[in-house]
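Enquirer:
Numbering (my numbering), first residue to last: 216 to 892.
1. Rounding to the nearest angstrom, what Cα-Cα distance links residue 603 and residue 516 in this structure?
2. Go ahead and pull the three-state DSSP assignment for residue 597.
3. Unbroken alpha helix (DSSP H) runs of length 4 or more, entirely within the segment 385-434: which are they?
4. Which whole-angstrom value describes the C-beta separation of residue 301 and residue 772, a residue pair presumed to lie in contact below a C-beta threshold of 8 Å?
5. Which class does residue 458 belong to by DSSP, given the choice of helix, strand or coil?
6. Thinking C-beta only, is residue 665 closer than 7 Å to residue 678?
7. Who does residue 724 pair with in a DSSP beta bridge?
8. Between 447, 595, 637 and 827, which has its C-alpha nearest residue 617's C-alpha?
9. Determine the closest residue to residue 716 out of 364, 428 and 635, with distance taken between C-alpha atoms.
10. Given that a residue counts as buried once 16 or more other Cβ atoms are within 10 Å of its Cβ, and exposed if not, what is residue 565?
11. By DSSP's criteria, residue 483 is part of a beta bridge. Which residues make up the other side?
12. Kindly list the residues whose CB is nearer than 7 Å to the CB of residue 233, restricted to its own chain and excluding five residues on each side of it in sequence; keep chain order.
13. Take the Cβ of residue 448 as the centre, count every other Cβ of all protein chains shown within 10 Å, and call the residue buried at 16 or more, exposed below.
14. Let me know the alpha helix (DSSP H) ranges lying completely inside the segment 331-370, each 4 residues or longer, listed in chain order.
15. Would you kindly report the start and end of the unbroken alpha helix (DSSP H) that includes residue 444?
16. Rounded to a whole number of angstroms, what is the C-alpha to C-alpha distance between residue 700 and residue 419?
17. If you measure between the beta carbons of residue 734 and residue 727, is that distance less than 7 Å?
18. Measuring straight from C-alpha to C-alpha, what distance separates residue 744 and residue 378?
19. Are the segment 618-626 and the segment 301-311 touching, with three or more C-beta to C-beta distances below 8 Å?
20. Classify residue 855 as buried or exposed, calling it buried when 16 or more other Cβ atoms lie within 10 Å of its own Cβ.
21. Report the partner residues of residue 244 according to the DSSP bridge assignment.
22. With a 10 Å radius around its C-beta and 16 neighbouring C-beta atoms as the bar for buried, classify residue 249 as buried or exposed.
23. Rounding to the nearest angstrom, what Cα-Cα distance links residue 614 and residue 311 in this structure?
24. Find out if the Cβ-Cβ distance for the pair residue 322, residue 642 is shorter than 7 Å.
25. State the Cα-Cα distance for the pair residue 235 and residue 319, rounded to the nearest angstrom.
26. Can you give the Cα-Cα distance for residue 383 and residue 338, rounded to whole angstroms?
27. Which whole-angstrom value is the C-beta distance of residue 752 and residue 336, which I expect to be below 8 Å?
28. In three-state DSSP terms, what is residue 531?
29. Where does residue 825 sit, in a helix, a strand or coil, going by DSSP?
30. Between the Cα of residue 506 and those of 441, 523 and 791, spot the shortest distance and give me the residue it belongs to.
31. Taking residue 814 as part of the alpha helix (DSSP H), name the residues at either end of that continuous run.
32. Just grab the DSSP bridge partners of residue 233 for me.
33. Rounded to whole angstroms, what's the CA-CA distance from residue 654 to residue 687? Just pull it up for me.
34. Can you check whether the CB of residue 483 is closer than 7 Å to the CB of residue 498?
35. By the DSSP assignment, the alpha helix (DSSP H) with residue 775 in it spans what residues?
36. By the 10 Å Cβ neighbour count, where 16 or more other Cβ atoms means buried, how is residue 409 classified, buried or exposed?
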């Protein structure tokens, strides 16, 4: 099985990537020698801590090596567009020591399994390992420098990265196999359905694993069984289902050491018990393979992630001076980014659990249940007495409290990608949020990130102008890909207001919408049969590729223009007629709209892919996408079944026939095999 093969690759490529106890419990390790070095004890460093005045030296060095890889793949992508002389242009940048190459970032929103599955399809459309992407997609994944996710988006990012950078195509090919990644037929409370004995054994295993962490002296919470339960779905090929796998351990994997993946970032928010997060007072934390920390003035500090769990005071080991490692379990990290779902674990009475399974689950969860069940406690607090943070709630507390990364309404994790030291030129912002009553995005996340830059504790970042939610809907900015911040010359006043000289990245906003499937499932839908799962992925492929490049023959060229724009502005290169035409089509033109009170807002989409609409307003030449205001869960079987029937009657080739993507040919075959079993 592919899952076992992936697990073998992981096991043979890692030496030090696991918890020192080879279990879910952290353990004592040797303290690193750098603690006594002069370079680690300066005005900007103290022990395990450093001031957040840019990215770490380790990340900077890693990104320089990654640049050498991405530039070649960017050349390859641009050769297939209508843009001329791109090879020579990029060669000139490489040879110019004062210039920097374009850096691409991919950002995936939260939204539970909906966000995870939509993101899977969206990245499949960017991955040349996916069947059909070479001719009907945008194969830029290998040219990407960064990839970020929060909540459901963090599940997606972690699933790919920590399965040895597997592809969505490989996950699709596993469908129906034993130990397949993302077997979502049953929710994590009862993963074996009505098999009470297996479910009871599963809960006993979770109890044993979490007890090991507690017995080692660490606080446990609802986030522990949540992260462990997800890990059983995401890492089924590992014997311990990822119980001993650490987030920082990625540093020792070959895929990371040879810089063959985008640099992964998972986002969470800080919140002390009893406080409510609003966009204005949030503290945005990030996890990356090297560090945990925040650029916000409240914290202004990063810590070496591997040694989180060590009692620290001003970044130095305190107490008996021992160092610990292993608290940054990968599942605990993406569980922390998705604590919104912790409350689901308390709903045992609404599940199929009974008998031994119910008793085992109840025994564990009752022991953990607390009023503040949406908080992940990281104890001891690595930022205790940090010399740079301004929030007494954080730096004076012996526990660091983190919550779901979307609780501050910034559901697309853009903030870490806006840091000047990361040098990002363009961000693909994939928004799979459920903002509207029909569970579609409405741009609220971008509005929140835009507004946040004006807060006093934001780290002198700027984010392009975006309109109001009313404008997003009325002007069809969620119906088709939309570019924000196309011209740096229009951002000078904004940069002055945010006290920065750094031109923010151009943002390519791509919102969830129905093409072949109603992908607006509930955030709290926690099980998907294979028909639904594969249909969600197919629709995601169509979202990122503007329906397999069928809506606009020039779309890939326009994406190329957006990728190169900041670089061309830095180099003083003219835009060119081709790109000017693209920006006229895809850039927000600055116009705004406010709906009259009690006016109907769009709740539907047209099949041309360019407009939002209400079903009552559909015009003769703009057919409304049928039933798109209903949720996918009600129509999954019929949608998938009809699509399979239509494909099975067509020839087996790579051609895009009537808008049917080659990826879905593979999905259809997978579903056909399932139907025969």
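Backbone N, C-alpha and C define an ideal beta-carbon position, used for all residues, glycine too.
Expert: In short, the structure shows the following:
1. For the purposes of this step, residue 603 is taken as the residue at position 388 of the chain shown. For the purposes of this step, residue 516 is taken as the residue at position 301 of the chain shown. Their backbone Cα atoms lie some 7 Å apart in a straight line.
2. Position 382 of the chain shown, counted from the first residue, corresponds to residue 597. In the three-state scheme derived from DSSP, where H, G and I count as helix and E and B as strand, residue 597 is classed as coil.
3. 411-430
4. Here residue 301 refers to the residue found at position 86 when the chain shown is read from its first residue. Here residue 772 refers to the residue found at position 557 when the chain shown is read from its first residue. So it is not a contact: roughly 11 Å between Cβ atoms.
5. Taking the chain shown and counting its residues from 1, the one referred to as residue 458 is at position 243. In this structure, residue 458 counts as coil in the three-state DSSP scheme.
6. One-based indexing of the chain shown puts residue 678 at position 463. One-based indexing of the chain shown puts residue 665 at position 450. Residue 678 places its beta carbon less than 7 Å from that of residue 665.
7. The sequence position of residue 724 within the chain shown is 509, counting from 1. Looking at the DSSP assignment, residue 724 forms a beta bridge with 644 and 697.
8. Indexing the chain shown from 1 puts residue 617 at position 402. Among 447, 595, 637 and 827, the Cα nearest to that of residue 617 belongs to 595.
9. Taking the chain shown and counting its residues from 1, the one referred to as residue 716 is at position 501. Here the closest residue by C-alpha is 635.
10. Along the chain shown, one-based indexing puts residue 565 at 350. Its pLDDT being 47, under 50, residue 565 is placed unreliably in this model, and the value from its coordinates should be taken loosely. So residue 565 counts as exposed.
11. Here residue 483 is taken as the residue at index 268 of the chain shown, counted from 1. Looking at the DSSP output, residue 483 bridges to 500.
12. Position 18 of the chain shown, counted from the first residue, corresponds to residue 233. Hits under 7 Å: 459, 460, 461 and 464.
13. Within the chain shown, residue 448 is the residue found at index 233, counting from 1. Looking at its Cβ environment, which holds 16 or more other Cβ atoms inside 10 Å, residue 448 is buried.
14. 348-351
15. Numbered from 1 along the chain shown, position 229 holds the residue referred to as residue 444. It spans 438-449 - the alpha helix (DSSP H) in which residue 444 sits, taken as one unbroken run.
16. Locating residue 700 in the chain shown gives position 485, where the first residue counts as 1. Locating residue 419 in the chain shown gives position 204, where the first residue counts as 1. If I take the Cα positions, the gap works out to 52 Å.
17. Here residue 734 refers to the residue found at position 519 of the chain shown. Here residue 727 refers to the residue found at position 512 of the chain shown. With contacts defined as CB atoms closer than 7 Å, residue 734 and residue 727 qualify as a contacting pair.
18. Stepping through the chain shown from its first residue, residue 744 is reached at position 529. Stepping through the chain shown from its first residue, residue 378 is reached at position 163. Straight-line spacing of the CA atoms in residue 744 and residue 378 works out to 22 Å.
19. no
20. Stepping through the chain shown from its first residue, residue 855 is reached at position 640. Any reading at residue 855 must be qualified, since the residue scores a pLDDT of 33, below 50, and its modelled position is unreliable; no value is offered.
21. Working through the chain shown from its first residue, we reach residue 244 at position 29. Partner(s): 538.
22. Working through the chain shown from its first residue, we reach residue 249 at position 34. Exposed is the call here.
23. Sequence index remark: in the chain shown, residue 614 carries index 399 (1-based). Sequence index remark: in the chain shown, residue 311 carries index 96 (1-based). Roughly 47 Å separates the two Cα atoms.
24. The residue labelled residue 322 in the question sits at position 107 within the chain shown. The residue labelled residue 642 in the question sits at position 427 within the chain shown. Contact: yes.
25. If you number the chain shown from 1, residue 235 lands on position 20. If you number the chain shown from 1, residue 319 lands on position 104. In a straight line, the C-alpha of residue 235 is about 35 Å away from that of residue 319.
26. Here residue 383 corresponds to residue number 168 of the chain shown, with the count starting at 1. Here residue 338 corresponds to residue number 123 of the chain shown, with the count starting at 1. Approximately 8 Å, taken between the alpha carbons.
27. As a position in the chain shown, residue 752 is number 537, starting the count at 1. As a position in the chain shown, residue 336 is number 121, starting the count at 1. Indeed, because the Cβ distance is near 4 Å, the residues count as touching under 8 Å.
28. Indexing the chain shown from 1 puts residue 531 at position 316. In the structure shown, residue 531 sits in a strand (DSSP, three-state: E or B).
29. For the purposes of this step, residue 825 is identified with residue 610 of the chain shown, where counting begins at 1. Three-state DSSP puts residue 825 in coil, outside helix and strand.
30. Position 291 of the chain shown, counted from the first residue, corresponds to residue 506. Ranking the options by Cα distance to residue 506, first place goes to 523.
31. Stepping through the chain shown from its first residue, residue 814 is reached at position 599. That residue, residue 814, is in no alpha helix (DSSP H); it is neither H nor E in DSSP.
32. Position 18 of the chain shown holds residue 233. Residue 233 pairs with 460.
33. Indexing the chain shown from 1 puts residue 654 at position 439. Indexing the chain shown from 1 puts residue 687 at position 472. Between residue 654 and residue 687, the C-alpha separation is close to 15 Å.
34. The sequence position of residue 498 within the chain shown is 283, counting from 1. The sequence position of residue 483 within the chain shown is 268, counting from 1. Pairing residue 498 with residue 483 gives a Cβ-Cβ distance that is not under 7 Å.
35. In the chain shown, the residue the question calls residue 775 occupies position 560. Its alpha helix (DSSP H) spans residues 770-786.
36. For the purposes of this step, residue 409 is taken as residue 194 along the chain shown, with counting starting at 1. Burial call: exposed.
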